[in-house]
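I have placed the structure first, in the form of structure tokens, so that the comments after it can refer back to it.
4 protein chains.
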Amino acid sequence: MTVRFGLLGAGRIGKVHAKAITASSKAQLVAVADAFDKAATDLASQYGAEVRTVDAILKASDIDAVVICTPTDTHAELIEQFSRVGKAIFCEKPIDLDVERVKACLKVVDAEGATLMVGFNRRFDPHFMAVRDVIEKGEIGVVEMVTIVSRDPGAPPVDYIKRSGGIFRDMTIHDFDMARWLLGEEIESVIAQASVLVDPAIGEAGDYDSVSVMLSTASGKHATISNSRRATYGYDQRIEVHGSKGAVLAENQRPVSIEVANASGYTRPPLHDFFMTRYTDAYAREISSFIDAVESKSPASPSGLDGLIALALADAALTSVKEGRAVKVSDVTGALADKSVFQGR
Amino acid sequence: MTVRFGLLGAGRIGKVHAKAITASSKAQLVAVADAFDKAATDLASQYGAEVRTVDAILKASDIDAVVICTPTDTHAELIEQFSRVGKAIFCEKPIDLDVERVKACLKVVDAEGATLMVGFNRRFDPHFMAVRDVIEKGEIGVVEMVTIVSRDPGAPPVDYIKRSGGIFRDMTIHDFDMARWLLGEEIESVIAQASVLVDPAIGEAGDYDSVSVMLSTASGKHATISNSRRATYGYDQRIEVHGSKGAVLAENQRPVSIEVANASGYTRPPLHDFFMTRYTDAYAREISSFIDAVESKSPASPSGLDGLIALALADAALTSVKEGRAVKVSDVTGALADKSVFQGR
Amino acid sequence: MTVRFGLLGAGRIGKVHAKAITASSKAQLVAVADAFDKAATDLASQYGAEVRTVDAILKASDIDAVVICTPTDTHAELIEQFSRVGKAIFCEKPIDLDVERVKACLKVVDAEGATLMVGFNRRFDPHFMAVRDVIEKGEIGVVEMVTIVSRDPGAPPVDYIKRSGGIFRDMTIHDFDMARWLLGEEIESVIAQASVLVDPAIGEAGDYDSVSVMLSTASGKHATISNSRRATYGYDQRIEVHGSKGAVLAENQRPVSIEVANASGYTRPPLHDFFMTRYTDAYAREISSFIDAVESKSPASPSGLDGLIALALADAALTSVKEGRAVKVSDVTGALADKSVFQGR
Amino acid sequence: MTVRFGLLGAGRIGKVHAKAITASSKAQLVAVADAFDKAATDLASQYGAEVRTVDAILKASDIDAVVICTPTDTHAELIEQFSRVGKAIFCEKPIDLDVERVKACLKVVDAEGATLMVGFNRRFDPHFMAVRDVIEKGEIGVVEMVTIVSRDPGAPPVDYIKRSGGIFRDMTIHDFDMARWLLGEEIESVIAQASVLVDPAIGEAGDYDSVSVMLSTASGKHATISNSRRATYGYDQRIEVHGSKGAVLAENQRPVSIEVANASGYTRPPLHDFFMTRYTDAYAREISSFIDAVESKSPASPSGLDGLIALALADAALTSVKEGRAVKVSDVTGALADKSVFQGR
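Respectively, the protein sequence lines represent chains A, B, C and D.
All residue numbers in the first sequence are consecutive under the working numbering, ending with 337.
All residue numbers in the second sequence are consecutive under the working numbering, ending with 337.
All residue numbers in the third sequence are consecutive under the working numbering, ending with 337.
All residue numbers in the fourth sequence are consecutive under the working numbering, ending with 337.
Dropping the structure here:
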């Protein structure tokens, strides 16, 4: 079976997915939709696809699956629409910035029995996957402490910040998902502290640019997240897991692995400049995993519930900062959290 | 001038200091006291010193300074006694497990104008000193986020745990001091989470073995501390400082820097087995710094106030765990914190 | 312009090039030829190309360039044939195992003004390219000593060994090319030693499996090459260049950059398993560079002369081993070496 | 038993040994001799020793062993004199620059049954010792290829060069000894190339500053040595051993293990500035090993024969450069090489 794709949104990340789809021998990019005609036309012509409207894609009999790369505030509506017409859906995170809206959307997905995968690309990074393999093979025993460092090379424009839902929902959300994925147990409590150190304009927009988060699970496992909107040395993406029998870590990645030595010392180049180059392999594997799920009619992972829980953790972190206290996650996710996200691993 | 020393306590750490004193061309080990005769005799004879009682050392005219390595519950009393007879004092941390007792002790030290140095040995580790040099030279700009990982290779006996004042006062206290030393600004707020993952007996003794701590300063700087009482891979001691212009980190140390490659991969040996081998150089430099302070009649650093503040941070962390909230440090240190510990830098 | 390709040889390396050609937006794979019908058919159908005979490709008006991946003993003849019909030629190394035969072939190429590129893929490895960039920017001053370590994970079958021309012409030839490329100056003298340490059958076949080579240039620069047909830890591929102002090195590559720590130490995974995974990027860039040369009608590099000189160095190394003496390269290359290979850099 | 020492030569390396002797609980520095009174007096007074003449030390009944740190041209004579009076001898390398003179000297040592140890300090470096441990435990199988890189941070004064016996006898001699020690088999053949790249004045003095050497043993094992008299990045001292089951390497050492990251990349400090700081531990362990040998009346290692063979290898290398051919070592060492240096391991 060839999975026939419609792509919604021909921006930066849409291009990444278009490339991944066309590189797969099991998939075909049939149509591209974008509010900007030229963006859609350029991308479609590059890969031999048609330009269509979202409506046309909804009704198309020659399309099995869609990839949603449109602005965040359209995600939930699109997921619901495509669920109802029986198409498989890959949606970039987040489903929505509002937990209640996400819950409503997931009820539709659930009722329609739709296949929905959420774009937590880091789960598909080969280095992070290797870390998880080590954990699953029991090589480090019982996981006890997860440490995640995630720093962007520079802050996005304040306009972006204002629409982003804030650093916890925009940036830390990836780390919340990674923490859950590595802990292998649901997070029970969130404590966070946040400040504005990079750019006062970010503070004026009501957001933070430097945050630290601590998470704990029912059995007492810890995770720590350190985020900054600036790292002069590149896109800093590290994970480390300490367990009862050992530890495992994924090192930072750089474009080339050389070292120059002189009287100033031994210098390796800066890290990747951002996620497009750092997670090239992850994006390809992510779409490949979605294609496999669609082809085999098996559940896609990370699921909509994974998206919801990460968002709920972001909300909890924000509450923790504002109230200076540990926030229980059950306060936020409610009944949905009962459906273990780990069942499908 | 040769600084003439009396050593109180001939146990493991007492031996380290005896060696450092005798290796210095500016110091002489004159007398050793210990509750166990044989311990005192063995150490004294190795270095050509006399065995004396604490009282005799207090009254001795041929002794300028003492090094206190006796059990913790004797520290404050000894500091007061030796302050009153005008001898310079180096005391292993902590001064006492009780903040009020420490404050009372420091008032005596202050009133007598005594020289008091507290044994935060890590400040003298050459790698950590190099990190601080980088910060002080402005190479990483303004310090924003300090990350400290500190894990012991294995848990101490439960008997030790019971007398230790708990993990925050016994183990994390070193990291609190490092965090202050690296942040260059007083800590305002402490949030901590703690659990028992290593040994249930530690929990039964009322303590924790796995803790995570977040600290923040008035200007919004963060520090994160990760502690465990167990690390199969050795004594894990890392610091990392992220600033506005860059970052600096100190790598873990191992006894030998070799790597063996075979079909299983590339393997470097485990880390140092514990603090005695990891901080050999630091202990020597620490005593050397104390000798310099005594000789030049300048203030010793880290001071008694440094000891007090680290203890207060430990207390705040414990309160944070118990109450699930951020704890302001001013609640704990009160007026004393006004005397900036950084003045003497 | 789209460069239209014929692929001669649909084996392992042919597949690599087919993939690279089809991934390029400037090239098209038109036809595939292989002595084994099924190999040609499988590869052609995967990429929508036709199966044709070599003769048909020679005569085809819809083919601009060929990639020669057939057995070594057919290379020279094919290069001559395709030179005469005006098609651009990319040929896997070596052109031939016999220096005189290569010279004869290159005379034809020269006479026909054909575009010929020889497959020294390592020149296109991003890490090695970064090393050369550092050199060309003058960051390490004048190059003085080049060190190349190149070890295969395991020995090839003895049947392969017998047809290979021996380790110097089959394996070290890549390192000879790298040495020239990094030294930036022609090699004048070759000294080598060789032994059979891996497998006696290799010795019985008249070859060696462990060799060390030293090269020197007229100005006194050195290069050292260390080869083994076995490395339990993976495909060991390192270069290091020491110059008057500093040094630069390219580290070994592994599929994933993780590290596992436990009581046995800190272990990173083995290296890539062989050239197909180690040089994936290099193969893609190599064909891309050839396409650019064909498209812009500019000389391709590495050239036929580069191929000849590397072969001559291999011959010199063999003579050195047999006679226990330094061998001047001018003895081997003769007049052709006057045409500086560096002119086109 | 306390080994009572006379120190001949109070220069830079004499001071290192004086410190090591006095730090040992099994040794005592009794007397110091030096042609410069002030040098002897300063060192003697620092460690509570007496100043004596060499003659007085020869006749002294309170001296068991001597450390010879005088100029090279006095070594052989002093060894003979102290052998005849039954004192144990530690002598800095080389015994003499002339192989025949060394042989004559060793005959005296042999006839007198004297204890003689030669100062190949690198054998006592903890990192290199760990490499050898890995080999001896069989972890890398049969040793096949040893790679040694040894580069000085800068060239010595030309005056020193002139008296040094040339780079092979002065600098490479350490690497010859390391190669033998790691190969575990005598070297049969030496090939070398040498040039002047660092300083023309070195060439004018008849010496080289950049050399590459290849060694081979009867069973076909290889060793490669790369030397330069200049390395802007510090004292470059690496060894690597490749065997049938794996490889082991010792990394370069630096004073502090920190890394600074910024927009220029990740920078670690330069290496140690020279042998005094790089081999501090090695010098201490070396003297300690000598003390143990004297105390236990067991043979000291490295022996005089080790010193002779390393010198013979240096001579062979020089011949190889001058004649452009592989030189058999048996040509140089003759009958003495029959006494396996490895017997005492």
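Ideal Cβ positions, reconstructed from N, Cα and C, are used throughout, including at glycine.
All values reported here derive from a predicted model rather than from experimental measurement.
Inset, instruction - Within the same chain, show all residues whose beta-carbon is closer than 7 Å to that of residue 13 of chain A, passing over the 5 residues directly before and after it, in chain order. - result: -3, 19, 21 and 279
Legend entry - DSSP state of residue 49 of chain B mapped onto helix, strand, coil: helix
Inset, instruction - Keeping to the same chain, check which residues put their C-beta closer than 8 Å to that of residue 319 of chain A; ignore five residues upstream and five downstream. - result: 181, 182, 183, 308, 309, 311 and 312
Inset, instruction - Specify the secondary structure class of residue -6 of chain B as computed by DSSP and reduced to three states. - result: coil
Inset, instruction - Tell me, please, whether the segment 190 to 197 of chain A touches the segment 105 to 117 of chain A by the rule of three or more beta-carbon pairs shorter than 8 Å. - result: no
Legend entry - Secondary structure of residue 90 of chain D, DSSP reduced to three states: coil
Legend entry - chain C contact for residue 311 of chain B (CB, 8 Å cutoff): no
Inset, instruction - Within 10 angstroms of the Cβ of residue 151 of chain C, are there 16 or more other Cβ atoms? Answer buried if so, exposed if not. - result: exposed
Inset, instruction - Determine the DSSP secondary structure at residue 175 of chain A, reduced to helix, strand or coil. - result: helix
Legend entry - Cβ-based contacts, 9 Å cut-off: residues of the segment 123 to 157 of chain A near chain B: 132, 133, 134, 136, 137, 139, 141 and 143
Legend entry - Where the segment 245 to 277 of chain B meets chain D: residues whose CB sits under 8 Å from a CB there: 245, 247, 248, 249, 250, 251, 252, 253, 254, 255 and 261
Inset, instruction - Starting from the beta carbon of residue 188 of chain A, find every residue of chain B whose beta carbon is closer than 9 Å, and list them in chain order. - result: 212
Inset, instruction - Determine the chain E residues that contact residue 200 of chain B at a beta-carbon separation under 9 Å, and present them in chain order. - result: Protein chains A, B, C and D are contained in the structure displayed, whereas chain E is not.
Legend entry - chain A contact residues for residue 225 of chain D, given Cβ-Cβ distances below 8 Å: 253, 254, 255, 257 and 258
Inset, instruction - Would you mind stating whether residue 136 of chain C and residue 220 of chain D have Cβ atoms separated by less than 8 Å? - result: yes
Legend entry - Cβ-based burial, residue 335 of chain D [other Cβ within 10 Å; buried from 16]: Confidence at residue 335 of chain D is low in this model, with a pLDDT of 35, below 50, so the placement of that residue should be treated as unreliable; the coordinate-derived value is given next. The residue is exposed, with fewer than 16 neighbouring Cβ atoms inside 10 Å.
Legend entry - Buried or exposed (CB count within 10 angstroms, at least 16 for buried), residue 78 of chain C: exposed
Inset, instruction - Taking residue 227 of chain B as part of the alpha helix (DSSP H), name the residues at either end of that continuous run. - result: Unbroken run through residue 227 of chain B: none, as it is neither H nor E.
Inset, instruction - From the DSSP output, read off the bridge partner residues of residue 61 of chain D. - result: None; residue 61 of chain D has no bridge partner.
Inset, instruction - Pick out the complete beta strand (DSSP E) segments inside the segment 170 to 258 of chain C, 3 residues or longer, and give them in chain order. - result: 179 to 187, 202 to 209, 214 to 220, 228 to 235, 239 to 242 and 250 to 254
Legend entry - Beta-carbon spacing of residue 216 of chain A, residue 306 of chain A below 8 Å: no
Legend entry - is_contact[residue 174 of chain B, chain D] using C-beta, thresh 8 Å: no
Legend entry - Integer-rounded CB distance, given that residue 187 of chain A should sit under 8 Å from residue 208 of chain B: 7 Å
Legend entry - For residue 128 of chain D, the first and last residue of its enclosing alpha helix (DSSP H): 118 to 128
Inset, instruction - Return yes when the Cβ of residue 167 of chain B is within less than 8 Å of the Cβ of residue 140 of chain B, no when it is not. - result: yes
Legend entry - Nearest residue (CA-CA) to residue 177 of chain D, options D:147, D:127 and D:201: D:127
Inset, instruction - Take residue 252 of chain D and list the residues in its own chain whose beta-carbon comes closer than 6 Å to its own, dropping the five residues that flank it on each side. - result: 259
Legend entry - Residue-chain proximity (residue 185 of chain D, chain C), Cβ-Cβ < 8 Å: yes
Legend entry - Stretch-stretch touch, CB-based, cutoff 8 Å, three pairs: the segment 48 to 64 of chain D with the segment 0 to 9 of chain D: yes
Inset, instruction - Taking only the alpha-carbon atoms, compute the straight-line gap between residue 115 of chain C and residue 266 of chain B and give it to the nearest angstrom. - result: 47 Å
Inset, instruction - At 9 Å on the CB atoms, spell out the chain D contacts of residue 18 of chain B, in chain order. - result: The premise fails here: residue 18 of chain B is roughly 13 Å from chain D at the closest Cβ pair, so nothing lies under 9 Å.
Inset, instruction - Spell out whether any CB of chain A is found under 8 Å from the CB atom of residue 216 of chain B. - result: yes
Inset, instruction - Would you list the residues sitting across from residue 320 of chain C in a DSSP beta bridge? - result: C:181
Inset, instruction - Under 8 Å Cβ to Cβ from residue 214 of chain D, same chain only, skipping five residues before and after it: list those, please. - result: 136, 137, 138, 206, 207 and 208
Legend entry - Separation of residue 15 of chain C from residue 9 of chain A, as counted between CA atoms: 16 Å
Inset, instruction - Mind the definition here: the segment 66 to 75 of chain C touches the segment 94 to 102 of chain C only if three or more C-beta pairs lie below 8 Å; say whether that holds. - result: yes
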